[in-house]
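Asker: Encoded as structure tokens, here's the structure I'll be asking about.
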Amino acid sequence: MSGQRMSKQIPDRVVVVGSSVGGTRAAQGLRAAGFTGQVVIVGAEKVAPYDKPPLSKQLLSGEWSVEDIALASVEELGGAGIELRLGVAAGGVDVANRTLTLVDGTTLGYDALVIATGVRPRTLSAPRTVALHTVRELADVSALRGALDSGHGLVVVGGGFIGAEIASTAAGLGVPVSIVEALPAPFSRVLGDEVGGLLAQLHAENGVEVVSGTGVVALRCGPTGLTEVELGDGRVLSAGAVAVGIGCVPNTDWLAGSGIPLADGVATDQFSRVREVPGVYAIGDVANWHDVRTGTSRRVEHWTHAFQQAQLVAHNIVHPDDLQAQTRAPYFWSDQHGVKIQMVGRRGREDAVDVMWRDTSDGQRPVALYSDRGRFTGGVTFGAPQLSARLRRAWEDGLALTDACALVAGLPAPARA
Ligand SMILES: Cc1cc2nc3c(=O)[nH]c(=O)nc-3n(C[C@H](O)[C@H](O)[C@H](O)COP(=O)(O)OP(=O)(O)OC[C@H]3O[C@@H](n4cnc5c(N)ncnc54)[C@H](O)[C@@H]3O)c2cc1C
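Residue 630 is where the sequence shown starts when you use this note's numbering, and the numbers rise one by one after that.
Below, the structure written as structure tokens:
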């Protein structure tokens, strides 16, 4: 046994459940942090680890191939001494005996367990003649692409970011698209009504019909075989494909009854340690993580958060005497109609919002700054990645709204009419 692992606190065998960005980067992070024990990744999906954000963007459009979205090859992981158990889900865990049971009946002992099982999309109930599409895994993309290629249009139910990206990609393929959002303004849950409206405008400018303030009351197969989507306001939309983007649920069913605390995901402390269950950690979309900066716990479904937590959990497993918590600014991006939309920080319900217009590489685009009594709380940029990076630093430095405004002013001013 190495000197490192002779320390009582450092495990000999780490089992990671989930083979996407959280799980894969955690396993690689353990090696990068100098961990010399055994590392095993258990993944329900058969294929080698791949990245999810391109699924609704470059993979759906056909611009990229499956090879382009690999997170790591089987050979690369094998070369790093990371063992893969792919195509078999974890079915249960015995935390007292530190044993994981896979659905094929095999068991795996662990000293430390990292749960990175992510989320799965919610869907709607529909008659068996109606196919509803969601996008979370590789196979979902080919199924949706096939339906889009039928040329009979797409209805996206739900104005969240993944649905909006599907709409944008389909529109780019020349497919007639409608987005249906029950809230008064699409995207308003995260961005607020005003900025959500700006995003809706971007869709409208690119030929996407945005129907908001009304929900879906019925789905049926119409007389021509197309799906009919009946709305609360009486309208009926017909399309060859219906995609649903109404949020996700954490993949925690397999943990029921295990003693691992579940509360909209796996409840962890700020260091990704599962509360009151020694040796178990949870990261990424599935983790209901405690944010010490706000004193609240929440799940975050963004790539950068999963990636950062993967690195931190690896560090925390290898260096239990130097625990580190997430302190970077909340951040996500989305690509829609050729525009990179980036959000830094978070919008509080009562936050004020100021919208400015600036010339950017994508033409004249808005920048929105959120604030709470003069404190800069978040910013959304459209096609301004450098400004987004500066706002990210401003957020981490705790700058005031006036400072954030000064950063925005550093961009070229709009041309006078
Ligand atoms: C289409 C799409 C587009 C996105 N675009 C963006 C974007 O533009 N920007 C952004 O910030 N974020 C984006 N995201 C979100 C981002 O991809 C996620 O935040 C990130 O993938 C979370 O990683 P994760 O490893 O925590 O979970 P996931 O990526 O959900 O992976 C979890 C893995 O665990 C596996 N699993 C589940 N249960 C079990 C089990 N019992 N046993 C074994 N394995 C199991 C699953 O099969 C899956 O492979 C997008 C997501 C999707 C789906």
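All C-beta atoms in this analysis are idealised placements derived from N, C-alpha and C, irrespective of residue type, glycine included.
Pick out whichever of V669, T1010, Q971 has its Cα sitting closest to the Cα of V984.
Answerer: Comparing Cα-Cα distances from V984 to each of V669, T1010, Q971, the minimum goes to T1010.
Asker: Since R1019 is in the alpha helix (DSSP H), which residue starts that stretch and which ends it?
Answerer: Residues 1014 to 1025.
Asker: Just curious, the beta strand (DSSP E) that G789 is in, first and last residue?
Answerer: That residue, G789, is in no beta strand (DSSP E); it is neither H nor E in DSSP.
Asker: With a threshold of 16 other CB atoms inside 10 Å of the CB of W986, please say whether the residue is buried or exposed.
Answerer: W986 is exposed by the Cβ-count criterion.
Asker: Check each candidate in A1013, V785, G908, V846 and name the one with the smallest Cα separation from P815.
Answerer: The residue with the shortest Cα to Cα distance from P815 is V785.
Asker: In this structure, how does DSSP classify R642 when only helix, strand and coil are distinguished?
Answerer: Reduced to three states, the DSSP call for R642 is strand.
Asker: Looking at the structure shown, is I946 part of a helix, part of a strand, or coil, going by DSSP?
Answerer: If DSSP states are grouped into helix, strand and coil, I946 belongs with the helices.
Asker: Taking the straight line between their C-alpha atoms, what separation do you get for S648 and T897?
Answerer: Their Cα atoms are separated by approximately 20 Å.
Asker: Using the Cα positions of R976 and R765, report the straight-line distance between them to the nearest angstrom.
Answerer: In a straight line, the C-alpha of R976 is about 26 Å away from that of R765.
Asker: Could you compute how far the alpha carbon of S631 sits from the alpha carbon of G888?
Answerer: Annotation note: pLDDT 42 at S631 (below 50); position unreliable, coordinate value reported separately. So the two alpha carbons sit approximately 32 Å from each other.
Asker: Counting along the chain, where does the beta strand (DSSP E) carrying H919 start and finish?
Answerer: Segment 916 to 920, the beta strand (DSSP E) holding H919.
Asker: Assuming T843 and A811 are in contact, meaning their beta carbons sit under 8 Å apart, how far apart are those beta carbons, in whole angstroms?
Answerer: Sure, about 7 Å apart at Cβ, within 8 Å.
Asker: Using a Cβ-Cβ cut-off of 8 Å (strictly less than) and excluding sequence neighbours within five positions of P683, which residues of its own chain qualify?
Answerer: Closer than 8 Å at Cβ, skipping near neighbours: W693, D697, I698.
Asker: According to DSSP, is D723 helix, strand or coil?
Answerer: Strand, per DSSP.
Asker: Just how far apart, CA to CA, sit S951 and H934?
Answerer: A quick correction: the sequence has Asp, not Ser, at residue 951. Going from the Cα of D951 to the Cα of H934 covers about 20 Å.
Asker: Taking 8 Å as the threshold, find out whether the segment 753 to 767 comes into contact with the segment 870 to 882 through three or more Cβ pairs.
Answerer: Cβ pair count under 8 Å is three or more, so yes.
Asker: Does DSSP classify P995 as helix, strand or coil?
Answerer: Three-state DSSP puts P995 in a strand.
Asker: For V968, I'd like the list of residues in its chain whose CB is within less than 8 Å of its CB, leaving aside the five on either flank, ordered along the chain.
Answerer: Result list for V968: L831, D991, R994, F1011, G1012, in chain order.
Asker: Go ahead and label A793 buried or exposed: buried means 16 or more other beta carbons lie within 10 angstroms of its beta carbon, across all protein chains shown.
Answerer: Buried is the call here.
Asker: Is the beta carbon of V806 sitting closer than 7 Å to the one on V837?
Answerer: The answer is yes: Cβ separation under 7 Å.
Asker: What residue ranges within the segment 715 to 779 form continuous beta strand (DSSP E) runs of no fewer than 3 residues, ordered along the chain?
Answerer: 719 to 723, 728 to 731, 736 to 738, 741 to 744, 748 to 750, all fully within the segment 715 to 779.
Asker: By how many angstroms is the C-alpha of A800 removed from the C-alpha of K686?
Answerer: One C-alpha to the other measures close to 11 Å.
Asker: With 16 other CB atoms within 10 Å as the buried threshold, where does S754 fall?
Answerer: Exposed is the call here.
Asker: Cutting at 6 Å between CB atoms, please list the residues of its own chain near A1042, excluding the five before and the five after it.
Answerer: Note that A1042 scores 39 on pLDDT, short of 50, meaning its location in the model is unreliable and no value can be drawn from it.
Asker: Do S926 and T798 come within 7 Å of each other at the CB atom, strictly closer than that value?
Answerer: Taking 7 Å as the Cβ cut-off, T798 and S926 do not qualify as a contacting pair.
Asker: Buried or exposed, going by whether 16 or more other CB atoms sit within 10 Å of the CB of G863?
Answerer: With fewer than 16 Cβ atoms within 10 Å of its Cβ, G863 is classed as exposed.
Asker: Which residues share a DSSP beta bridge with R987?
Answerer: Its beta-bridge partners are R994.
Asker: Which value, in whole angstroms, describes the spacing of the CA atoms of L1036 and T1006?
Answerer: Between L1036 and T1006, the C-alpha separation is close to 14 Å.
Asker: Starting from G1007, follow the beta strand (DSSP E) in both directions and report where the run begins and ends.
Answerer: 1004 to 1011 is the span of the beta strand (DSSP E), which, as asked, contains G1007.
Asker: Compare the Cα-Cα distances from A589 to each of A701, A997, K675, G876 and report the closest residue.
Answerer: Lying before the first or after the last residue shown, residue 589 is absent from the chain, which here runs from 630 to 1046.
Asker: Taking only three categories from DSSP, how would you classify V968?
Answerer: In the structure shown, V968 sits in a strand (DSSP, three-state: E or B).
Asker: Pull up the CB-CB distance for I875 and R751, whole angstroms please, since I reckon it's below 8 Å.
Answerer: Contact holds; Cβ gap of about 5 Å.
Asker: When you measure from the CB of F1005 to every non-hydrogen atom of ligand 1, does any distance come out below 6 Å?
Answerer: Outside the cutoff, so no.
Asker: Report back the beta-carbon spacing between Q938 and G651 to the nearest angstrom; my notes put them in contact at under 8 Å.
Answerer: With 8 Å as the limit, Q938 and G651 qualify as a contact, their Cβ atoms being about 7 Å apart.
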